[in-house]
Amino acid sequence: MPAQPDSERRTTHPPETDDRFSVPLRGVAVDAATRCGHYGDAVDVVALRFPCCDCYYPCFRCHDVATDHGPERVPREAFGDPAVLCGACGATLTVREYLDCDDACPECGAAFNPGCRRHRDRYFAVEE
Ligand SMILES: [Zn+2]
Ligand SMILES: [Zn+2]
Ligand SMILES: [Zn+2]
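When we follow the working numbering, the leftmost residue of the sequence shown carries the number -5, and every step to the right adds one.
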C-alpha cells in the first residue's frame, strides 16, 4: 500500500492502535484532535472509551467499523473511571467529569459538541 500523507489518516483495525494518542484509540480517518470521518466539526474533539474492548473511539460508528462486536456502554458504577479523551489537550476525563462539564473541557476549555448530549446513552448508562 502506498504511504498516505498525514492529512489522510488510515483506518486502523484491531489490534493496531494510533500512536498519536496516550490511550488506545481506533477509528476511521481520525485527525490529531480525534475528529473522525463521521463527525468532523470543530467541536467534535472527544473520543470515548468502550468497555467491551477497552479502547477509545471518536464515535460509535468508528467502533462498528473497527471491531466485529456490538458496543457496550460504560456502566454506572464505572462513571468515576477515565472514559473520555479530550482531543484538544489530551486530558482524560471520567464519565462524571464529562457529564458535568457543560460542553467544555475542564482542563483546556475546548468546546465540546453540545449535540452529543442527545446520544449520551449510546456510550454511558446514564438512565436510572
Ligand atoms: Zn468494543
Ligand atoms: Zn467515527
Ligand atoms: Zn482539553
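Beta carbons are placed, not taken as given, at the ideal position from N, Cα and C, and that holds for glycine. Since the model is a prediction, treat every value here as computed from it, not as a measurement.
Legend entry - Distance cut-off 7 Å: residue 54 Cβ against heavy atoms of ligand 1: Mapped onto the sequence shown, residue 54 falls at position 60. No, the Cβ of residue 54 stays beyond 7 Å of every heavy atom of ligand 1.
Legend entry - Check: residue 61 C-beta below 7 Å from any heavy atom of ligand 1: The residue given as residue 61 occupies position 67 in the sequence shown. Between ligand 1 and the CB of residue 61, the shortest heavy atom gap is smaller than 7 Å.
Legend entry - Identity of the residues DSSP links to residue 76 by a beta bridge: Within the sequence shown, numbered from 1, the residue matching residue 76 stands at position 82. 88.
Inset, instruction - Assign residue 99 to buried or exposed, taking buried as 16 or more other Cβ atoms, counted over all protein chains shown, within 10 Å of its Cβ. - result: Taking the sequence shown and counting its residues from 1, the one referred to as residue 99 is at position 105. Residue 99 should be labelled buried.
Legend entry - Reference residue 81; option with closest CA among 29, 57 and 13: For the purposes of this step, residue 81 is identified with residue 87 of the sequence shown, where counting begins at 1. When each option's Cα is compared against that of residue 81, the closest is 29.
Legend entry - Same chain, Cβ closer than 6 Å to residue 22, neighbours up to 5 away in sequence not counted: Along the sequence shown, one-based indexing puts residue 22 at 28. So the qualifying residues of the chain are 5, 30, 31, 56 and 59.
Inset, instruction - Give every residue of the same chain whose Cβ lies closer than 6 Å to the Cβ of residue 114, excluding the five residues on either side of it in the sequence, and list them in chain order. - result: As a first step, residue 114 is located in the sequence shown; it is residue number 120 there, counting from the start. Cβ neighbours of residue 114 beyond the five flanking positions: 120.
Legend entry - Limits of the unbroken alpha helix (DSSP H) element including residue 118: Sequence index remark: in the sequence shown, residue 118 carries index 124 (1-based). From DSSP, residue 118 is part of no alpha helix (DSSP H); its letter is neither H nor E.
Legend entry - Proximal residues to residue 27 (C-beta, below 7 Å), its chain only, five neighbours per side dropped: The count along the sequence shown starts at 1 and reaches residue 27 at position 33. Correct list, in chain order: 39, 81 and 82.
Legend entry - residue 36 burial status per 10 Å Cβ neighbour count (16 or more: buried): The residue given as residue 36 occupies position 42 in the sequence shown. Flag for residue 36 reads exposed.
Inset, instruction - Go ahead and pull the three-state DSSP assignment for residue 14. - result: As a working mapping, residue 14 is identified with position 20 in the sequence shown. In the three-state scheme derived from DSSP, where H, G and I count as helix and E and B as strand, residue 14 is classed as coil.
Legend entry - Range covered by the beta strand (DSSP E) that runs through residue 44: Looking up residue 44 in the sequence shown gives position 50. Secondary structure note for residue 44: its beta strand (DSSP E) is the uninterrupted segment 40 to 44.
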